Amino acid sequence: MKLKTKLLLGLSFLFVVIVIFGSISLYYINRLSNDSKLVLRNNHESLVYCNNMLKALENIPVKKEAETTLENNLKKQEANITEDGEKEATQELRKNFQELLANPMDSSNYPQIRQSIHVINDLNQAAILRKNAVVENTAKDANLWLTIIFVVLGIIAFTFVINFPSVISTPIRALNEGISAIAGKNYHKRIHINQNDEFGDLANAFNTMAEKLDEYESS
């Protein structure tokens with residue numbers, strides 16, 4: 000294998016290590032981001048709608064626009080159903096609110112309206128807690144796997160960095176020693192490099208030269 004090929008493979012290996020670690024990091028970062036968005040988006044909006052409807056319900060006897068406020072937030076809630084049981088609670092809220100609109104002076108169904116709003120609110124609060132737990136578990140998984148992968152890839156990369164330079168430094172040192180020996184007229188010196196690359200070819204050429212010089216010296 001040519002020395003250029005070995006260097007290319009070595010650098011490619013380090014590149015692959017970086018790409019693998021970076022890809023896994025991005026995967027978990029995106030998962031955490033998506034899970035967080037789910038918590039902050041739909042369920043948080045439902046909590047806001049419920050809070051607005053409760054305030055509007057209390058103001059209906061004294062403010063005419065309170066009915067409009069409750070209606071607007073109820074419509075938003077009807078378009079934002081995400082949890083099991085939330086649809087039924089929202090439908091019940093709509094039914095009770097329509098009864099109230101039919102007879103605004105009758106406040107007898109206020110408790111039912113308030114109860115439906117609280118059910119929707121509780122469902123979304125429970126969902127937020129559940130999704131927060133998912134986010135926390137994802138973060139723990141990310142921390143665990145990234146640590147494991149970092150350690151494994153770190154060990155592999157460290158081993159590579161320690162051993163790969165010897166592919167170049169060892170034959171260079173051997174050639175340097177051989178040249179020094181020849182310079183000192185030690186023509187019996189031979190270099191043994193078991194590499195099928197340029198260094199191996201150079202060692203063979205050196206040994207041939209040393210052999211010829213030894214023969215010339217002995218003649």
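Counted from 1, the sequence shown has number 51 at position 52 by numbering that gives the first Met the number 0; the numbering is strictly sequential.
Ideal placement from N, C-alpha and C gives every residue a C-beta, glycine not left out.
Small disclaimer: the values here were computed from a predicted structure and weren't measured.
Between residue 81 and residue 8, what straight-line distance do the alpha-carbon atoms span, to the nearest angstrom? Residue 81 sits at position 82 when you count from the first residue of the sequence shown. Residue 8 sits at position 9 when you count from the first residue of the sequence shown. Going from the Cα of residue 81 to the Cα of residue 8 covers about 51 Å.
Are three or more beta carbon pairs between the stretch 127-137 and the stretch 154-165 nearer than 8 Å? With contact defined as three or more Cβ pairs closer than 8 Å, the stretch 127-137 and the stretch 154-165 are not in contact.
Beta-carbon gap between residue 112 and residue 56 smaller than 8 Å: Here the question's residue 112 lines up with position 113 in the sequence shown. Here the question's residue 56 lines up with position 57 in the sequence shown. Result yes, Cβ atoms of residue 112 and residue 56 sit closer than 8 Å.
According to DSSP, is residue 131 helix, strand or coil? Here residue 131 is taken as the residue at index 132 of the sequence shown, counted from 1. Helix at residue 131.
By DSSP, does residue 104 sit in helix, in strand, or in coil? Along the sequence shown, read from residue 1 onward, the residue named residue 104 stands at position 105. It is coil, neither helix nor strand.
Kindly list the residues whose CB is nearer than 6 Å to the CB of residue 51, restricted to its own chain and excluding five residues on each side of it in sequence; keep chain order. For the purposes of this step, residue 51 is identified with residue 52 of the sequence shown, where counting begins at 1. Correct list, in chain order: 72.
Does residue 140 come out as helix, strand or coil in the three-state DSSP assignment? As a first step, residue 140 must be located in the sequence shown, where it is residue number 141. Three-state DSSP puts residue 140 in a helix.
Report buried or exposed for residue 116, applying the criterion of at least 16 other Cβ atoms within 10 angstroms of its Cβ. Numbered from its first residue, the sequence shown carries residue 116 at position 117. With a 10 Å radius around the Cβ and a threshold of 16 neighbouring Cβ atoms, residue 116 comes out buried.
How about residue 184 and residue 177: are their beta carbons less than 8 Å apart? As a position in the sequence shown, residue 184 is number 185, starting the count at 1. As a position in the sequence shown, residue 177 is number 178, starting the count at 1. No, they are not a contact pair.
Through-space distance from residue 169 to residue 221, alpha-carbon basis: With the chain covering only 0 through 218, there is no way to say anything about residue 221.
With a Cβ-Cβ cutoff of 8 Å, do residue 147 and residue 23 count as a contact? Start at 1 with the first residue of the sequence shown, and residue 147 comes out as number 148. Start at 1 with the first residue of the sequence shown, and residue 23 comes out as number 24. For residue 147 and residue 23, no; Cβs fall outside 8 Å.
What's the call for residue 89, buried or exposed, on a 16-neighbour Cβ count within 10 Å? Position 90 of the sequence shown, counted from the start, is the residue given in the question as residue 89. In this structure residue 89 is buried. Its beta-carbon is surrounded by 16 or more other beta-carbon atoms within 10 angstroms.
Less than 8 Å between the beta carbons of residue 127 and residue 49, yes or no? Numbered from 1 along the sequence shown, position 128 holds the residue referred to as residue 127. Numbered from 1 along the sequence shown, position 50 holds the residue referred to as residue 49. No, these two residues do not count as a Cβ contact at 8 Å.
Are there 16 or more other CB atoms within 10 angstroms of the CB of residue 154, so buried, or fewer, so exposed? Your numbering for residue 154 matches position 155 in the sequence shown. By the 10 Å Cβ count, residue 154 comes out exposed.
Tell me the residue span of the alpha helix (DSSP H) that contains residue 213. Walking along the sequence shown from the start, residue 213 turns up at place 214. Bounds of the alpha helix (DSSP H) holding residue 213 are 197-217.
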